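So the structure is just underneath, and the comments pick up after that.
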Amino acid sequence: MTTPVCTSASNAMTRPSPYPSFTSYVRARQPVLLRTARSLTANPSDAEDLLQTALTKTYVAWERIEDHRALDGYVRRALLNTRTSQWRKRKVDEYVCDELPEPEPQSGAEDPAERQALRDAMWRAIMKLPARQRAMVVLRYYEDLSEAQTAAVLGVSVGTVKSAVSRALGKLREDSELGLVR
C-alpha cells in the first residue's frame, strides 16, 4: 500500500463538505452551467476553468447568499464577471512574421465557422417561433428542464408542453435556412 504524499489533500477528499446543499446544487446544475460557460468562451477547456472559478466564488459566498432559489443567476453573473475580468487582464503579444500561422486542418473535424453559422441560423429560426413555443423550446433544450419542470415554470400542463414543443420542432425542421428538411 502506498502512502499519500500530501496527507492534507487526501483528508480533504474524505471529509464531508460543510455545505452539502452546495454539493447537491453543483451536481444537479453543472451541465447547464457548463453550457453557459461554453457560450462565453471558444475553448471547452477554458469553459471548464471558467465554471470552476465561478463555482469557487459561489462556494466562498455560500453563507451570504440569502435566496438559494436564485443560485443560477448568481453563478451566471459570476461566470460573466470572471470572464470579463479575464478578458481585461489578458496580455496581448504581437509578433511580426512573414506568413500567418494557420493551423493544419483536422480531418473529420467540423469547421468552426460552419458550426457558428449553423448556431446563428438556429437562433434566427427559434426567434421566428411564436413566443410561447420559443419559451418552451429554450426551457427544454437550452436550459435542460424536463417537461414537468417546463410546465411548472410556464404554468401549463405537461401535455401542452409536449404538443407545443412537437409543433415547434416541426417548424424548425421545415425552416429552409437550417436545411434540416429530409
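Quick note on my numbering: the sequence shown kicks off at 4 and runs consecutively. Glycine residues also receive a C-beta, built at the ideal position from the N, C-alpha and C atoms. Bear in mind that the values here come from a model prediction, so they are computed numbers and not experimental data.
For the alpha helix (DSSP H) containing residue i, name the first residue and the last one.
| i | result |
| --- | --- |
| Ile-129 | 115 to 131 |
| Trp-90 | 74 to 92 |
| Thr-26 | 23 to 43 |
| Tyr-145 | Note, Tyr-145: premise wrong, no alpha helix (DSSP H); not H, not E. |
| Val-168 | 161 to 177 |
| Glu-105 | From DSSP, Glu-105 is part of no alpha helix (DSSP H); its letter is neither H nor E. |
Which same chain residues, not among the five before or five after residue i, have their C-beta less than 6 Å away from its C-beta?
| i | result |
| --- | --- |
| Met-4 | Confidence at Met-4 is low in this model, with a pLDDT of 48, below 50, so its placement is unreliable and no value can be given for it. |
Look at the alpha carbon of residue i and the alpha carbon of residue j, and state the distance between them as a whole number of angstroms.
| i | j | result |
| --- | --- | --- |
| Glu-117 | Ser-27 | 37 Å |
| Val-159 | Asp-147 | 17 Å |
| Lys-174 | Ala-154 | 21 Å |
| Met-139 | Arg-127 | 16 Å |
| Lys-165 | Leu-132 | 16 Å |
| Arg-176 | Ala-151 | 24 Å |
| Ser-179 | Gln-89 | 39 Å |
| Leu-181 | Arg-93 | 36 Å |
| Gly-162 | Tyr-98 | 59 Å |
Assuming residue i contacts residue j under a Cβ cut-off of 8 Å, what Cβ separation, rounded to an integer in Å, is found between them?
| i | j | result |
| --- | --- | --- |
| Leu-142 | Arg-86 | Not quite, the Cβ-Cβ distance comes to about 24 Å (not below 8 Å), so this is no contact. |
| Leu-54 | Ala-64 | No, Leu-54 and Ala-64 are not in contact; Cβ-Cβ is about 16 Å, not under 8 Å. |
| Ala-171 | Gln-136 | 4 Å |
Just to confirm my understanding: we take residue i, look at its own chain, exclude 5 residues before and 5 after, and list those with CB closer than 7 Å. What are they?
| i | result |
| --- | --- |
| Arg-32 | Asp-75 |
| Ala-81 | Ala-57, Lys-60, Thr-61 |
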